[in-house]
Structure formats: structure tokens, C-alpha cells
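Reading through the C-alpha cells given below for one structure.
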Amino acid sequence: MLQINSGKLYTRGVGRTNQLRGVLYSNLELCYGKDVPTVAGTLRETDGIRGNRAIVYEIEERIEAAEAGPGILISHTIAPFLTDFSALASFGLRAIVSPDAAVVERLTSKGPGFASYDPPSKFALRYFDERLPLRDDEIALFSAFVDQLIALDRKSFLAAMRAIRTFVTGLHRMRDDLALAYTLFVSAVESLAQEFDGYSTHWHDVDERKRGPVDKALAKASARTRDGVREAIRSTEHASLARRYRAFVLNHVGGDYFRASGLVPGAAIARHELEEALRQAYAHRSRYVHNLRELPDALTLAQGHREVAEVDRRPVLSFEGLIRLTHHVISAFVATGNTVEHEPYDYMMEQSGVVMAPLAPELWVGRPLRKAKDARQRLEGHLSQIVPLLAGKQKATITDLRPIYPDIERLAKSSGAANRTTLLTLYTLFAALMSKDDRSERLDALLQQHSAKIGEPSSEALVMGTLFGSLDAWPLETHKETLERYFEQRSKPGGLHAPKLLDAAMCFALAERCRKERDFDAALDWIGRAVETHPGLPAVVALESDFSQRRKIDWQSVLLPKLTKPKRRRRTKQNKPSGGSKKGAPAPDCKAGNS
Numbered sequence: 009m010l011q012i013n014s015g016k017l018y019t020r021g022v023g024r025t026n027q028l029r030g031v032l033y034s035n036l037e038l039c040y041g042k043d044v045p046t047v048a049g050t051l052r053e054t055d056g057i058r059g060n061r062a063i064v065y066e067i068e069e070r071i072e073a074a075e076a077g078p079g080i081l082i083s084h085t086i087a088p089f090l091t092d093f094s095a096l097a098s099f100g101l102r103a104i105v106s107p108d109a110a111v112v113e114r115l116t117s118k119g120p121g122f123a124s125y126d127p128p129s130k131f132a133l134r135y136f137d138e139r140l141p142l143r144d145d146e147i148a149l150f151s152a153f154v155d156q157l158i159a160l161d162r163k164s165f166l167a168a169m170r171a172i173r174t175f176v177t178g179l180h181r182m183r184d185d186l187a188l189a190y191t192l193f194v195s196a197v198e199s200l201a202q203e204f205d206g207y208s209t210h211w212h213d214v215d216e217r218k219r220g221p222v223d224k225a226l227a228k229a230s231a232r233t234r235d236g237v238r239e240a241i242r243s244t245e246h247a248s249l250a251r252r253y254r255a256f257v258l259n260h261v262g263g264d265y266f267r268a269s270g271l272v273p274g275a276a277i278a279r280h281e282l283e284e285a286l287r288q289a290y291a292h293r294s295r296y297v298h299n300l301r302e303l304p305d306a307l308t309l310a311q312g313h314r315e316v317a318e319v320d321r322r323p324v325l326s327f328e329g330l331i332r333l334t335h336h337v338i339s340a341f342v343a344t345g346n347t348v349e350h351e352p353y354d355y356m357m358e359q360s361g362v363v364m365a366p367l368a369p370e371l372w373v374g375r376p377l378r379k380a381k382d383a384r385q386r387l388e389g390h391l392s393q394i395v396p397l398l399a400g401k402q403k404a405t406i407t408d409l410r411p412i413y414p415d416i417e418r419l420a421k422s423s424g425a426a427n428r429t430t431l432l433t434l435y436t437l438f439a440a441l442m443s444k445d446d447r448s449e450r451l452d453a454l455l456q457q458h459s460a461k462i463g464e465p466s467s468e469a470l471v472m473g474t475l476f477g478s479l480d481a482w483p484l485e486t487h488k489e490t491l492e493r494y495f496e497q498r499s500k501p502g503g504l505h506a507p508k509l510l511d512a513a514m515c516f517a518l519a520e521r522c523r524k525e526r527d528f529d530a531a532l533d534w535i536g537r538a539v540e541t542h543p544g545l546p547a548v549v550a551l552e553s554d555f556s557q558r559r560k561i562d563w564q565s566v567l568l569p570k571l572t573k574p575k576r577r578r579r580t581k582q583n584k585p586s587g588g589s590k591k592g593a594p595a596p597d598c599k600a601g602n603s
């Protein structure tokens, strides 16, 4: 929110301002009259007597001028700005700053935590001190850092803020879980490396277990052949994440890192130790992520703020060393990042409190259909309306699809076989609930023309066959393979997402076919799949417990009772379609597939 509030992303200028004020808590001591002004807000001191840790945060909220139309944004309130600036101040001022006073008290406490016999202050200089008097030069450096951060292009800013938040989260975890904190410090820089390192894989980066045999096999090949094969392998090889992490850190550590003021002689890491220490740091990160392995004792015992420890004769970054190094690399990334003065940008989904949620199907299923590839989504939306209707749910409605008959016809004639099948399935399922007068002669002709193709095994044919009771036309093995393929593809981009109740119904339909073929083990397996497809639904569990080899699995009556109701033909009125208006229509008492 801090960069958005600067106005550099706006296309219509600032339309509204608000003066916001909130309270943060910190171990920082702001001297009387010494504010901390930045382009992202100002920190002001309060009465520090009797251990008061409160500091005031003020910011001028700038809201972009609204577009013409209903509604206006009054304010985001101070809350999102407090959260963002507390992370920024914690990082930039090397202190604990939080909207929660208890967090500051917990992290600056001198008592042992859950992670160690020693408090966090024994593992890192400054951050966890009980009181931190803030100097003028530190205020100036922080203000310049915030200026540079806000000036970054949007992509770099977002990456830097993610790294900063992860770094601060690592600080907060040092009382609870040292291994997790260590992992977060490594991950803060790793996130930058994966997006901004520009790393290009070289042949020597390929794993030796692959590279060695390839080199041996190509020993007698021509140079052109060797280079071609290696390039083909190299171009598809992903560089080791550990190698990229090390390279990114080393590229952002210059000579000034080893000449910084305040270094303790004999405690700071040497340049020749750095690469191996980074290798070990990433290894400890991976052991925690994959195996929840604890850190070695050399890292969990207070080391007097030494930046490097020894484990099996190898240098390993201590918490003091890793925190200082991570802070330096993130700061260097910000300092050298690309800056822009004005960058029009669609920040809508990145504002605080804005979430994206799917609209209810009745709001879009019946809208004009312009692209054939959208047919699958329309079919899924229509199924989500049909299934409650057939299940006899009260107030179940369907959206009138007659207005998009011309769209379905036009796209079905011009699209490929897969999209045509989906389009005609959408029409078939809707028309099955309507009277004859509400059907489309042209679409019926297309159905007749392509009936053989539509009936071939597919997810759409499986859904229609289950609802219409026509799957006996398929060999049993084909039925099994199609249902297995449906579940395999369900989570893929091209897969069909039917409602879970219909998924369970498809399993029961196959189970019944297996029962009739006296393959009772397979029937029980598919009944079990039905229960696990829609867990927690009593009706599904009841069908499993009531299974009998001699009795039909009457899933239609239990799950979709409207499928078995006798049909009562009703003529659809021109002005009040039985398929529903914008608000939908009541469930018709008809058997799907016979209308």
C-alpha cells in the first residue's frame, strides 16, 4: 500500500486525501522533537516514561481520482499502512516495530524462549535490545532508504517488500523456532534471486551424474555435435537453486561489506569463508524445509555475536552473520534497483482488503457467448445449477439460455470438435429441461449431424450419459477408462469440473454396471470412490452401507430424485420461460433426457 499511496501508479491523479494516524510499538527511543519523516509516513515520539513503547505513525492517504460511475472509496483506514510501515521500520531501523505491543515485549524480553535457553538478543546485535536510542544519522539513512524503495519500479518494489516482510518474520520467529527463523532469512534473499538474478545455466552447472556420462558418450563426436547436444541439455536444465542463491548474494556483496563500521575484530566473516558458509546456510534451510531437521548446536548456542561458526570444520553463518548478510543484500538490491518517477499500473487487486471471488453462475451463464473456448466454463456453471435442481433443493433455479442459442449455433458451426461437443452438450442439458417449443430446430439439426462424435467417450459424454441413463451403450471397460480420465483431467486447465454430487453419481452409475456384471469387488471400489469424492454427505454414506449384491444401487432416487419423477409436459410461455429469467425458474418435474 505504501507505494500505491505515493501516487506514482495513478493514471487519473489524486482525487482525495485523508490525514491518518495510528499507534505502533517499538524498542526504539525517539528523542523529544526528533521525528522520523519519510515519503511513506512519519514516526513521532510519545511520552517514554514508565516503559511506554508507543510511537505515533502519521501518513497522508492519497486516493486516486475515481472513474465516472457509482461508488467511491473513502479510505483504506490506517490499518494496512501500520502493517506495511512496521515491517519497513523494523528492517530499515534494525529494531522491533509492530502494531502489537505484546510482540515487542516478547521479543525484547531477557528470559529464555521456546527455541533456546538464551533470549533473541544473545543471537543478534541491536534488533532485540530493550531500548534503542535513535540517532540523527540513522534517521537520515532510513529516510533515504524509504525514498529509494518507493522510487523502484513496481515489480522490484513488490519483490523487495516480500523479502523485507520475510526477513522481519524471521526476526519474530527467533523466540519460537530458530530453525524456522534461519530458513526465513535464507528464503528472503532466495526469493529475490529466483526473480532477478538473470542466471543462465552453463554446462558445468549440469549435475555431474548427468554431465559425466554425456561427455563420455560424446568423446568421439565432432565439436559441432558435442556443442549441439550440450546446448539442448543445458537449455532445458534448471540451475540449482542453491547455486543461484550463492551467486546472487556474492554479486551483491562488495568490499564495503568487510569494511563496515562497528565490525568486531575476529568475529566478522572473512571473504574466503563466505561462499562455503552460504552453501551450508542453504543446506540447513533445505534440511528444515524437507525434513524438519534442527540446526546444529553451534548455531543454537549463543556465540557472543560471532558471524561464523564451525560445523565439521566448515564455516557456517551464525544468526548474527546471516542477519547482517541478508540485511545487506536486500538493502543493496533496493539501492541498485531500477527506479521510475511515474508508472501507470493496475493496482486494484493489490490494495488492502480487495479479494477476488467467483461470481454466482446466474450472473454470467446466460450472458452472450463470444468465444468457443468459454463454453466449458458455461457448461460447468450450468451443471452447478442443474444438479441442485435435480437433487430437489428448495429455490433451485436455472438461468434461461435461450437468448444465447444463436451464439451456441454460430460457435458450434465454426469451432473444432472438442469445443463443438461442449457447446452442444450445454444446449442438450438445458433443452432437456424445457418443452419441445423451447428447443432450437437448428441446434437440434446440429445435434443430429454430430451425434456420433458427441457420443464418443469424453467428460461431456460421461456427464450426459450419467444424467440420461444412456451409458450402457459403452463397453464397461470404456466406461471405466472415461471416468478415470475425467478425474485425472479434472484439475487440469482443459478438464471439466462437475459438482461433487454429480461426481459421486458418476461413480455410483459405474458401480451399478459393475454389480450387474457381477464384478462385486469393482462395484465396492467405485462405491468407495463415490464416498471419498463427496465426503461427509449422509446420503452417499448410506448408499455405501446399504449395498447388496442382489439389489440395484438406486443412486438416482437418493441423490438426484428429480431424475426419476414422472414427466409433466409444460409449454414454456414466451414472457415467463420455465428455464428461468434473470432470477431463474423453479425446478420442473420432468425426467432429464425425455423433454
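Going by the working numbering, the sequence shown opens with residue 9, and the numbers climb by one from there. Glycine included, C-beta positions come from ideal geometry on N, C-alpha and C.
Determine which residues share a DSSP beta bridge with arginine 29 and list them.
-> Here residue 29 is taken as the residue at index 21 of the sequence shown, counted from 1. For arginine 29, which the question treats as bridged, DSSP gives the partners Glu66.
Measure the Cβ-Cβ separation of glutamate 302 and arginine 314 and say whether it is below 8 Å.
-> Locating residue 302 in the sequence shown gives position 294, where the first residue counts as 1. Locating residue 314 in the sequence shown gives position 306, where the first residue counts as 1. No.
Distance, threonine 572 Cα to histidine 487 Cα | Here the question's residue 487 lines up with position 479 in the sequence shown. Here the question's residue 572 lines up with position 564 in the sequence shown. Computed Cα separation, rounded: 22 Å.
For threonine 344, count neighbouring C-beta atoms within 10 Å of its own C-beta (all shown protein chains included) and say buried if the count is 16 or more, exposed if not.
-> Counting from 1 along the sequence shown, the entry for residue 344 is found at position 336. So threonine 344 ends up on the exposed side.
Excluding the 5 residues preceding and the 5 following threonine 474 in the sequence, name in chain order all residues of the same chain whose CB lies nearer than 8 Å to its CB.
-> In the sequence shown, residue 474 corresponds to position 466, counting from 1. Hits under 8 Å: Leu510, Ala513, Met514 and Ala517.
Touch check for the region 144-162 and the region 175-184: three-plus C-beta pairs under 8 Å?
-> Touching, no, given that fewer than three Cβ pairs across the two stretches are closer than 8 Å.
Which same chain residues, not among the five before or five after glycine 270, have their C-beta less than 7 Å away from its C-beta?
-> Taking the sequence shown and counting its residues from 1, the one referred to as residue 270 is at position 262. Correct list: empty, nothing qualifies.
What are the uninterrupted segments assigned as alpha helix (DSSP H) that are 4 or more residues long and contained completely in the region 116-181, given in chain order?
-> 144-159 and 162-180
For phenylalanine 327, which three-state DSSP category applies?
-> Indexing the sequence shown from 1 puts residue 327 at position 319. If DSSP states are grouped into helix, strand and coil, phenylalanine 327 belongs with the helices.
Count the other CB atoms, across all protein chains shown, that sit within 10 Å of the CB of leucine 300; report buried if there are 16 or more and exposed otherwise.
-> Counting from 1 along the sequence shown, the entry for residue 300 is found at position 292. It counts as exposed.
State the DSSP-derived secondary structure class of arginine 498, mapped to helix, strand or coil.
-> Counting from one through the sequence shown, the residue named residue 498 turns up at place 490. Coil, per DSSP.
Quick one: what's got a C-beta closer than 8 Å to valine 362's C-beta in the same chain, skipping five residues either side?
-> As a working mapping, residue 362 is identified with position 354 in the sequence shown. Excluding sequence neighbours, valine 362 sits near Met356.
Are at least three pairs of beta-carbons, each pair with one atom in the region 62-79 and one in the region 111-126, less than 8 Å apart?
-> no
Using DSSP with H/G/I as helix, E/B as strand and the rest coil, what is valine 272?
-> Indexing the sequence shown from 1 puts residue 272 at position 264. Three-state DSSP puts valine 272 in coil, outside helix and strand.
Quick one: what does DSSP say lysine 581 is sitting in, helix, strand or coil?
-> Stepping through the sequence shown from its first residue, residue 581 is reached at position 573. With a pLDDT of only 38 at lysine 581, under the threshold of 50, the placement of this residue in the model should not be trusted; the figure read from the coordinates follows. Correct three-state label for lysine 581: coil.
Helix, strand or coil at isoleucine 416 [DSSP, three-state] = Residue 416 sits at position 408 when you count from the first residue of the sequence shown. Three-state DSSP puts isoleucine 416 in a helix.
Name the DSSP bridge partner or partners of glutamate 464?
-> Here residue 464 refers to the residue found at position 456 of the sequence shown. Its beta-bridge partners do not exist; DSSP assigns none.
Taking 8 Å as the cut-off, decide whether the C-beta atoms of valine 197 and valine 272 are in contact.
-> Counting from 1 along the sequence shown, the entry for residue 197 is found at position 189. Counting from 1 along the sequence shown, the entry for residue 272 is found at position 264. No. Outside cutoff.
Which listed residue (Tyr33, Asp137 and Gly424) has its alpha carbon closest to that of leucine 90 = Here residue 90 is taken as the residue at index 82 of the sequence shown, counted from 1. Selected option, being the one with the closest Cα: Tyr33.
Quick one: measure Cβ to Cβ for arginine 252 and glutamine 288, integer angstroms, because I've assumed they're closer than 8 Å.
-> Start at 1 with the first residue of the sequence shown, and residue 252 comes out as number 244. Start at 1 with the first residue of the sequence shown, and residue 288 comes out as number 280. Between glutamine 288 and arginine 252 the Cβ distance is about 16 Å, and since that is not below 8 Å, they are no contact.
Should the region 415-423 be regarded as contacting the region 530-549, the criterion being three or more beta carbon pairs within less than 8 Å?
-> Result no; under three Cβ-Cβ pairs closer than 8 Å.
C-beta atoms of phenylalanine 341 and alanine 168 nearer than 8 Å = Here the question's residue 341 lines up with position 333 in the sequence shown. Here the question's residue 168 lines up with position 160 in the sequence shown. Judged by beta-carbon spacing, alanine 168 lies within the 8 Å limit of phenylalanine 341, meaning their Cβ atoms are closer than that value.
Pick from Arg279, Gly274, Ala250 and Ala275 that is closest to aspartate 264, judged by C-alpha positions | Within the sequence shown, residue 264 is the residue found at index 256, counting from 1. Residue Arg279 is the option with its Cα nearest to aspartate 264.
Through-space distance from histidine 335 to proline 107, alpha-carbon basis | Numbered from its first residue, the sequence shown carries residue 107 at position 99. Numbered from its first residue, the sequence shown carries residue 335 at position 327. So the two alpha carbons sit approximately 22 Å from each other.
Take tyrosine 296 and list the residues in its own chain whose beta-carbon comes closer than 6 Å to its own, dropping the five residues that flank it on each side.
-> Taking the first residue of the sequence shown as 1, we reach residue 296 at position 288. Excluding sequence neighbours, tyrosine 296 sits near Ala187 and Thr191.
Segment limits, beta strand (DSSP E) that includes glycine 49 = Counted from its first residue, the sequence shown places residue 49 at position 41. Note, glycine 49: beta strand (DSSP E), 49-52.
Backbone CA spacing between glutamine 393 and alanine 399 [nearest angstrom] | Taking the first residue of the sequence shown as 1, we reach residue 393 at position 385. Taking the first residue of the sequence shown as 1, we reach residue 399 at position 391. Roughly 10 Å separates the two Cα atoms.
Of all the alpha helix (DSSP H) runs that stay within the bounds of the region 523-561, which reach a length of 4 or more residues?
-> Within the region 523-561, the complete alpha helix (DSSP H) runs of at least 4 residues fall at 528-541 and 546-553.
May I have the straight-line CA-CA distance separating alanine 110 from proline 127, to the nearest angstrom?
-> Here residue 110 refers to the residue found at position 102 of the sequence shown. Here residue 127 refers to the residue found at position 119 of the sequence shown. Near 16 Å, if we compare the C-alpha coordinates of proline 127 and alanine 110.
Can you tell me the Cα-Cα spacing of asparagine 35 and asparagine 13, whole angstroms?
-> Position 27 of the sequence shown, counted from the start, is the residue given in the question as residue 35. Position 5 of the sequence shown, counted from the start, is the residue given in the question as residue 13. Using only the alpha carbons, I get a separation of about 27 Å.
If you compare alpha carbons, which of Lys401, Thr430 and Leu286 is closest to aspartate 382?
-> What you label residue 382 is simply residue 374 of the sequence shown in a count that begins at 1. Of the candidates Lys401, Thr430 and Leu286, the one whose C-alpha sits nearest the C-alpha of aspartate 382 is Thr430.
Secondary structure of leucine 36, DSSP reduced to three states | In the sequence shown, the residue the question calls residue 36 occupies position 28. The answer is strand: DSSP assigns leucine 36 an E or B state.
Go ahead and pull the three-state DSSP assignment for valine 257.
-> Start at 1 with the first residue of the sequence shown, and residue 257 comes out as number 249. DSSP places valine 257 in helix when its eight states are reduced to three.
Exposed unless 16 or more other CB atoms sit within 10 angstroms - verdict on histidine 260 = To locate residue 260, count along the sequence shown from 1; it is residue 252. Histidine 260 should be labelled buried.
Give me the Cβ distance between isoleucine 67 and arginine 52, rounded to the nearest whole Å; I'm assuming they're in contact under 8 Å.
-> The residue you call residue 67 lines up with position 59 of the sequence shown. The residue you call residue 52 lines up with position 44 of the sequence shown. Between arginine 52 and isoleucine 67 the Cβ distance is about 12 Å, and since that is not below 8 Å, they are no contact.
For histidine 292, which of Lys224, Ile338, Phe193 and Gly49 has the nearest alpha-carbon?
-> Counting from 1 along the sequence shown, the entry for residue 292 is found at position 284. Nearest of Lys224, Ile338, Phe193 and Gly49 to histidine 292, Cα basis: Phe193.
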